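Engineer: As numbered in our numbering, residues 2 to 233 make up the sequence shown, in order.
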Amino acid sequence: MVASTSIAASAWYEVKSPRDTIRVTGSATKRIESDLIEWDSTIRHTATRQADAYREVRKDVETTVAYLEKQGIAKEDIRVSSASVYAYYELEYEQVGTEAVSHNRLAGYSAQQTITVTSKEVELVERVSREVSALLDQDIPIESSTPQYHYTGLEELKVEMLAAAAADARERADEILASAGDAHRGSLIDTHMGVININPANSSATSWEGNNDKSSLHKDIITIVHVTYEVE
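What follows is the structure, encoded as C-alpha cells:
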C-alpha cells in the first residue's frame, strides 16, 4: 500500500438540472527506490589512418570490459555498440595571388565505441561508474556518462497509486459534504486521470505531459485523479 500520501483536493457544486454534482481532485504520493541502473561510457581515438583509430578503440574496449567484469559486473549486463569511424577535416588557407582561398584538408580519423551496462545491481554499478576514471591512469580515454535510474514495477505501481488517489478524492468529497450539512455523496458520475509525475525525491515539480525522472536513485511518484459525484 501507499507509504505516505498527500492530498490536494478542491470541490464545488455544479448545478445541472435535475441533479447537483461535486467535483473533487485527489492526489497520492509514494517514495520509490530505483531497482535498475543504466550507464554508458564511450571510448574514442583519433589517428591519421582509419585502421589505426579502430584498432586503438577495440583494444581499449576489451581492456575496459575486462575491468568491469573484474569489478563484479556480470558479463551479460555489458553491451558494446558497433564501432563508428568517421573522417575529420581541418580548414586550411592557401594564398592564390592576392586572395586567401580556403579548403578542407583531411586531418585524420576518429573511431568510437560505447559500452552500456544495464543491471539490477544498482549500488555496484553506481560505485563502478564513479571509480572508472582509474582507467585514465592506463591511458584509456574513457568518457563516463551519468547513470540513469529506473523502477521496473512502475506500471503495476501506477494502478495502485491511481486507486489511492481515487480513495483520497472520495474521502475529501465526504468531508466537504459533511461540513455542508445534510448533503451526501451519491453515485459516481465521472473519473478523469490527471498526469503522473515521477520526480526526484522531495520535488513537487509538475508538467503538462508528466515528468519521468531518470537522474535520481530515490524518486517520488505523484498521481492525480479528478472525480465527479452526484450530490444527494
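Just so it is clear, CB atoms sit at the ideal spot from N, CA and C, and this is done for glycine as well. These figures come from a predicted structure and were not determined experimentally.
Between the stretch 186-205 and the stretch 113-127, can you find at least three pairs of beta-carbon atoms closer than 8 Å?
Structural biologist: By the criterion of at least three beta-carbon pairs nearer than 8 Å, the stretch 113-127 is not in contact with the stretch 186-205.
Engineer: So, does the stretch 24-44 touch the stretch 104-119, judging by three or more C-beta pairs under 8 Å?
Structural biologist: yes
Engineer: Could you give the uninterrupted runs of the alpha helix (DSSP H) lying entirely in the stretch 16-96, keeping only those of 4 residues or more?
Structural biologist: 51-71
Engineer: Measuring alpha carbon to alpha carbon, tell me which residue in Asp-183, Ala-206, Ala-165 is nearest Thr-26.
Structural biologist: Ala-165
Engineer: Identify whether Ala-206 lies in helix, strand or coil by the three-state DSSP scheme.
Structural biologist: coil
Engineer: Check whether the stretch 75-93 and the stretch 101-113 touch, using three or more Cβ-Cβ pairs below 8 Å as the test.
Structural biologist: yes
Engineer: Taking 8 Å as the threshold (C-beta atoms), are Ala-170 and Val-228 in contact?
Structural biologist: yes
Engineer: Give the straight-line distance between the Cα atoms of Lys-31 and Asp-221, rounded to the nearest whole angstrom.
Structural biologist: 6 Å
Engineer: State the DSSP-derived secondary structure class of Glu-161, mapped to helix, strand or coil.
Structural biologist: Collapsing the DSSP output to three states places Glu-161 in a helix.
Engineer: Is the CB-CB distance between Asn-200 and Asp-183 below 8 Å?
Structural biologist: No, they are not a contact pair.
Engineer: Please say whether Glu-34 and Ile-151 have beta carbons closer to each other than 8 Å?
Structural biologist: In the sequence on display, residue 151 carries His and not Ile. No; because the gap between Cβ atoms is not below 8 Å, this pair is not in contact.
Engineer: Could you compute how far the alpha carbon of Ala-67 sits from the alpha carbon of Ile-74?
Structural biologist: 10 Å
Engineer: How far does the beta strand (DSSP E) with Val-102 in it reach, from first residue to last?
Structural biologist: 100-120
Engineer: Have a look at Arg-186 and Gly-154 and give me their C-alpha separation to the nearest angstrom.
Structural biologist: 34 Å
Engineer: Roughly how far, in whole angstroms, is the beta-carbon of Ile-223 from the beta-carbon of Ser-28, given that I think they are within contact range, below 8 Å?
Structural biologist: 6 Å
Engineer: Quick one: grab the DSSP three-state call for Ile-222.
Structural biologist: strand
Engineer: Mapping DSSP to helix, strand and coil, what is Ile-177?
Structural biologist: helix
Engineer: In the DSSP assignment, the alpha helix (DSSP H) including Ser-146 goes from what residue to what residue?
Structural biologist: First-last for Ser-146: undefined, no H or E at that position.
Engineer: Looking at Ser-130: is its Cβ nearer than 8 Å to the Cβ of Ser-120?
Structural biologist: No, they are not a contact pair.
Engineer: Ordered along the chain, which non-local residues of its own chain (more than five positions away) have a Cβ less than 8 Å from that of Val-196?
Structural biologist: Thr-207, Ser-208, Trp-209, Glu-210, Gly-211, Ile-225
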